[in-house]
Each structure stands twice: as C-alpha cells, then as structure tokens.
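**Student:** Just passing along the structure, written as structure tokens.
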Amino acid sequence: MGKKLTIIECIILALGVLLSIQGTAKAVSHSTSYIPYYGFALLGIVFIIVLILLRKKKKAFLLGIGMVVVYAIAAGFAYLVCVANASRMRHLESYENKTVTAAIGDEQYAWNGEAYYQAGNLSPVDVRDKGAYVTIDGEKRDLYFIYVIPGEDNVFYYDYYGDGGYLVMEKTGYIETAETTAVEETEATYETEAYVYRAYLLEHDTFEVTSTDLVDGVWSDVISNTHIGENMSPQLSWEPVEGATEYVIYMVDSNSNGFLHWKSAGITETDLPTGWAPKLTEYNGPHVGHGYTHNFDVYVIALRQPANRLKGAMNWVNPQLDSFMEEVDTDIYGNTGNIIAYGKISGTFTDARFRNGVEPSGPYTM
1 MGKKLTIIEC IILALGVLLS IQGTAKAVSH STSYIPYYGF ALLGIVFIIV
51 LILLRKKKKA FLLGIGMVVV YAIAAGFAYL VCVANASRMR HLESYENKTV
101 TAAIGDEQYA WNGEAYYQAG NLSPVDVRDK GAYVTIDGEK RDLYFIYVIP
151 GEDNVFYYDY YGDGGYLVME KTGYIETAET TAVEETEATY ETEAYVYRAY
201 LLEHDTFEVT STDLVDGVWS DVISNTHIGE NMSPQLSWEP VEGATEYVIY
251 MVDSNSNGFL HWKSAGITET DLPTGWAPKL TEYNGPHVGH GYTHNFDVYV
301 IALRQPANRL KGAMNWVNPQ LDSFMEEVDT DIYGNTGNII AYGKISGTFT
351 DARFRNGVEP SGPYTM
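Heads up, the sequence shown is in the working numbering, so the first residue is 1 and it goes up one at a time.
Laid out in structure tokens, this is it:
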C-alpha cells in the first residue's frame, strides 16, 4: 500500500469517526449510564488511530477493519439502549403530575420526584410477605419487589417501567394503627373505628365556613385533580374571629386514613378565591379511586399567634393528624392555648367515571 489512504481506508475512517461522534452524542443527550457510550466513542477513536498508524502492514490493516466492525456492533447496541431509554422517558412523563406513595409493613414512602432510567446492578428484594403496595393517584397496586440502594435504609427504587425505569421512594414516616376511640361532644358519646381528626378541636369554639364550590354537599369538579378538574383550591369564606392574627387550613380525605390534600399557614384573609392555594406544594385536589365516593373535610383554625409548626405530609395518609392539630395549639414562642376557634366544611367527591352508575365513553386520563 502507498502512503495515501485507499478508498476502503477512507470509508472505514469516516465510519469510525461518525460512530464515535454518535456514541458521544448519545452519552450526552440521554439520562442513563454514560460510561458505555463514552467508552464506545473512545474505543472507536483508538481503532481509527491504530488503523492509520499501522495501515502499511496488511495484518494490522485487517485487524483495524475487525476492530471497526466490532465497534460498529457495539455502537449499534448502544443505540438500541438509547431507544429503550427514550421509551422509558416517555413513560415517565405520564407520572410527572401524579402522586406516588408506597407502604411496606408499617413504613410509608413517597416519590421524591427523582427518577433514573438505569439504576445499575441492583438485586430485587421480595416484599410480598409484608403486604406491600404502591398507590398512584389513589389507585392501589400490589408491590412485589423493590430495589434497595446499598447504604440507604430509608430509600428504595420502585420499578415503574417494569424493565429498568425507577422512581426514588423516600421514607416519610410510619403507619400507626388507630384503635377504636370514644369521643365526647356536647355530652354525647360516639365511637368510631376510623381516626377522629377533630378530637382535639372539639374543646374549642366554632365558626361558620362557606364555599361557593360546595353545592348540595358535593364539591365542584374544578377543585379535583382529575381529567375533569383544574386542581384549584376551593373558595372559602368566614367572618373574622376576634383575637385571631392568622389562620391555618387542612383539607383531609376522611375515607383514606387522613390523606392530606391541603395544608396552608399564615393566612390573614377571610375570603379566599378559588385557586388561592399554590398547587402541589400546598394543595392537591381530590382524586378518588375507581368508582368511589369519598368525604373531604376542610378545617380552618383561628390562631392567636403563628403556630410553632404545621405538621402533616402532603399527598399522603396521616393517621396521627389529630396530634398534628394539637401541636398547632403551641405558638412560635412556645406558649400553649394558641387555638381560638375552628370552622369545618365538608363535602363529597365521586370518581367521574362512575357517576350515576354509568361509565362514560372515551379514554380516561389523569
């Protein structure tokens, strides 16, 4: 061979360069394991350099061709991986506005918003004997396996894709079993097997709360986090409470172990328009399961001073919510007796797919 590159060598050189560039581009543009892509790109460049330096020797030339072929196969495999990751990314987009929680035994978890399309070589852990489940926008699913991160006791990966797409689930607390409780109210005693969220509040005076988004005991669709709603907090009005400097609001699904849909503090107004509360951070509207009707209670609590702490996990069950309300009775200065009075307004919301017992036609998406 002469010093000039032959046509075949030029083709091989161009192919190696293009595949190297492609490997680098794929590594940069996809949220996945970067090492294989950069490795393929660098290996391809090495093959090309070897081919050029040793092209005068026939065996070296043939070896270079073989290396480029191997690299092309590896790059092709990498491309298929990218296609699979793109599918995972598209599937993940359907989760972006959903609430994902999980329970394993007495431990409760919630998705922290992070996701990975490849989580490395993790071994699955069988949690079927713990009665584990995951809840996605109120829809409960059995959870068979989790992928534990080494050295992280309070975090695990949930395989949302079924083949390498993972949501990061962080522990938010423990599920407490509520025992049957007797509560006295105006000399009347009643029992309930569910948690009594207002037990502590019963010791205080009350005031009236109204809402234009509550008609005949039914919450308007606009406040729901469904395909027919706009996820806007309901309109609320009440008369100013004497001595109150601010108010706090809780909205609770009383049929879901204290699932918290609204938590706001530092409120000084007494007429809140529809959509007043920030979405997701302070408000996430009703979204009940397939064909169900749930009761949603809104508590407005009048305070003398700002509360020391407003506890309660948003978008998660809170069986100990009554004790959280009790803590509101302590102000930022450590003084107790902070609650002056409270108002409560309640209504129902029904899964739109089964209102009047009829399932509507057409697709249903959250």
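Glycine included, each C-beta is placed from N, C-alpha and C at the ideal position. All figures in this text were calculated on a predicted structure; none of them were measured in a lab.
(1) When DSSP labels each residue in this structure, what does V252 get in the three-state scheme?
(2) Would you kindly report the start and end of the unbroken beta strand (DSSP E) that includes D322?
(3) Count the other CB atoms within 10 Å of the CB of N315; is the residue buried (16 or more) or exposed (fewer)?
(4) In whole angstroms, what is the alpha-carbon distance linking S367 and R128?
(5) With burial defined as no fewer than 16 other Cβ atoms inside 10 Å of the residue's Cβ, what is the status of P278: buried or exposed?
(6) Could you tell me the alpha carbon to alpha carbon distance between L202 and G343, rounded to whole angstroms?
(7) Return the residue from the list T101, S233, L310 that minimises the CA-CA distance to Y276.
(8) State the CB to CB distance for the pair I339 and V300, rounded to an integer number of angstroms; the pair is presumed to be in contact (CB under 8 Å).
(9) Less than 8 Å between the beta carbons of M438 and F207, yes or no?
(10) Taking the alpha carbon of V317 as the point to measure from, which residue in S256, M325, T330 has its own alpha carbon closest?
(11) Going by C-alpha distance, which of S211, V125, H227 is nearest E239?
(12) Could you name the residues of the same chain whose beta carbon sits closer than 6 Å to that of I136, not counting the 5 residues immediately before and after it, in chain order?
(13) So the candidates are D331, H287, R304; which of them puts its Cα closest to the Cα of K140?
(14) Quick one: is S29 buried, meaning 16 or more other Cβ sit within 10 Å of its Cβ, or exposed?
(15) Any idea if I104 is buried or exposed, counting beta-carbon neighbours within 10 angstroms, 16 or more meaning buried?
(16) Compare the beta carbon distance of T350 and T293 with 8 Å and say whether it is the shorter of the two.
(17) Let's test the definition: count the other Cβ atoms within 10 Å of the Cβ of Y333 and tell me whether it reaches 16, buried, or not, exposed.
**Tutor:** Quick look at the numbers:
(1) strand
(2) Careful: D322 lies outside any beta strand (DSSP E), inside the alpha helix (DSSP H) at 321-327.
(3) buried
(4) Nothing can be reported for residue 367: it is not among the residues displayed for the chain, which extend from 1 to 366.
(5) exposed
(6) 11 Å
(7) Strictly speaking, residue 276 in this sequence is Trp, with Tyr absent from that position. For the residues T101, S233, L310, the minimum Cα distance to W276 belongs to S233.
(8) I339 to V300, Cβ: 11 Å. No contact.
(9) It is not possible to answer for residue 438, since the shown part of the chain is limited to 1 through 366.
(10) S256
(11) S211
(12) K98, V100
(13) H287
(14) Reliability fails at S29, whose pLDDT of 47 lies under 50, so the model's placement of it is uncertain and the value that follows must be treated cautiously. Result: exposed.
(15) buried
(16) yes
(17) exposed
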